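In our numbering, the protein residues as written are 38 to 187.
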């Protein structure tokens, strides 16, 4: 199945990318991650690195960075371990510059397998409670950092 969420953030794409390109930075811009660490001694922008993070409501997720492009403002990652009950999970987080107003169009999608009958639950959980909640939090964070209060 596929989940897709998009939003417009009132900040330049480079500013938004600076925040989200740090594969270990989820606690700084998402409301649901308590702690995160990169396993081993890899830098947080090294393709292949694994982040291991704890959710505020309990549970641990391990994800691997599959691709990172500063040119395309794109991050692709997979879930290695998760309490969500998904398989073959691959997500893409991408920023597209909106030149009218120097804003950012952000899209976040994931494709994965799951047990039959869980599609609606996981579409809501991942799409609304994870992706959209994170993008709204990011919008608030960027708004607070913008000097002219855009």
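Positions of the beta carbon are idealized from the N, C-alpha and C atoms, including for glycine.
As the structure is a computational prediction, the values presented were derived from the model and not from experiment.
Residue i versus residue j: straight-line alpha-carbon distance, rounded
i	j	result
residue 58	residue 102	11 angstroms
residue 165	residue 155	15 angstroms
residue 176	residue 78	31 angstroms
residue 44	residue 174	12 angstroms
residue 98	residue 134	30 angstroms
residue 68	residue 180	16 angstroms
residue 178	residue 56	10 angstroms
residue 182	residue 116	31 angstroms
residue 170	residue 163	9 angstroms
residue 64	residue 159	22 angstroms
The alpha helix (DSSP H) enclosing residue i, as first and last residue numbers
i	result
residue 182	170-182
residue 158	156-161
residue 53	50-57
One or two residues paired with residue i in a DSSP bridge
i	result
residue 63	DSSP output for residue 63 lists no bridge partner at all.
residue 43	144
residue 150	124
residue 90	73 and 98
residue 115	101 and 127
Own chain residues within Cβ distance below 8 angstroms of residue i, not counting five before or after
i	result
residue 84	102, 103, 104 and 105
residue 66	56, 57, 171, 174, 175 and 178
Spatial neighbours of residue i in its chain, beta-carbon cut-off 6 angstroms, leaving aside the 5 residues before and after
i	result
residue 124	150
residue 76	87 and 89
residue 132	50, 53, 54, 110, 141 and 143
residue 60	81, 88 and 102
residue 39	148
residue 168	42 and 145
Unbroken beta strand (DSSP E) run spanning residue i, endpoints
i	result
residue 104	97-106
residue 129	123-135
residue 73	70-75
residue 78	No beta strand (DSSP E) holds residue 78; DSSP gives it neither H nor E.
For residue i, the three-state DSSP class (helix, strand or coil)
i	result
residue 85	coil
residue 138	coil
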